[in-house]
Amino acid sequence: MNHHFLLIIHLLSATVWVGGHLLLVFGHLPQALKEKDPSIILNYEKKYEPVGMTALVVLVVTGILMAYKYGVSIEYWFQFATPIEKVVSTKLLLLFLTAAFALSAQFRVIPKLKNNPDKLPEMAFHILSVTIIGVLMLIFGSFIRFGGF
């Protein structure tokens, strides 16, 4: 598959993933916290999740394909030997951290959030964390253009 096509698909997916989280952080989270209304977050998540999760899957697939095109196959992940390996490995670590936050939110926080607005600050922490991680991944991805960091 053409590298430029992969990059375009990757960037469009990153736009959906990071943009959706930024919209949640700046557009919905403040209102939910102010009104102590978890339904604001839950309603957004319900609409965004199918699109956001699809974008995340596409990001993972295109990211792995591009890593291979840059010569960073699985045996070089987490070696941190070259600048490109550092970027790929850092993004993979951030991906695992994202998954940990997502699982925690899905199985621990959201079930309690539905009936307990006191869980909103914990959910806000999860939302902010995943958003910051997404922005960091976007920034680290931009380092590829310069050969890594």
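Each residue of the sequence shown is one higher than the one before, starting from 290 at the first, in our numbering.
No residue lacks a Cβ here, since even glycine has one placed at the ideal position from N, Cα and C.
This one's a predicted model, so the numbers in the text were calculated from it and none came from an experiment.
Other residues of its chain near residue i: CB distance less than 7 Å, five sequence neighbours each side excluded
i	result
Met-426	Lys-380 and Leu-383
Trp-306	Gly-341, Ala-344, Leu-345, Leu-348 and Gly-423
Val-398	Lys-408, Glu-411, Met-412 and His-415
Lys-358	His-292
Ser-393	His-415
CA-to-CA distance, residue j to residue i, given in whole angstroms
i	j	result
Phe-315	Ile-330	12 Å
Leu-354	Ile-298	12 Å
Pro-400	Gly-308	25 Å
Val-377	Trp-366	7 Å
Leu-311	Ile-416	9 Å
Glu-278	Ala-356	Given that the chain is displayed from residue 290 to residue 438, the structure contains no residue 278 and the question cannot be resolved.
Phe-369	Asn-291	26 Å
Thr-304	Phe-294	15 Å
Gly-352	Ala-321	33 Å
Gln-395	Phe-435	37 Å
Leu-300	Ala-388	20 Å
Pro-319	Leu-313	9 Å
Leu-296	Thr-420	21 Å
Pair within 8 Å by beta-carbon distance, residue i and residue j
i	j	result
Val-347	Ser-302	yes
Lys-336	Leu-409	no
Cβ-Cβ separation, residue j to residue i (assumed contact under 8 Å), whole Å
i	j	result
Ile-422	Leu-386	6 Å
Pro-327	Lys-403	7 Å
Ser-418	Phe-390	5 Å
CB contact below 8 Å: residue i versus chain D
i	result
Asp-326	Going by chain labels, chain D is absent from the structure shown, which holds only one protein chain.
Cut-off 8 Å between Cβ atoms - residues of its own chain near residue i, not counting five sequence neighbours on either side
i	result
His-444	Residue 444 lies beyond the range of the chain shown here (290 to 438); nothing can be said about it.
Pro-406	Lys-325, Asp-326 and Pro-327
Report task. Only counting runs of 4 or more residues, tell me where the alpha helix (DSSP H) segments fall wholly within the region 319 to 393, in order along the chain. Result -> Fully enclosed alpha helix (DSSP H) runs of 4 or longer: 327 to 358 and 372 to 393.
Requested in this report: Enumerate, from N- to C-terminal direction, the unbroken alpha helix (DSSP H) stretches of 4 or more residues contained entirely within the region 403 to 438.
Outcome: Complete alpha helix (DSSP H) runs here, min 4: 409 to 431.
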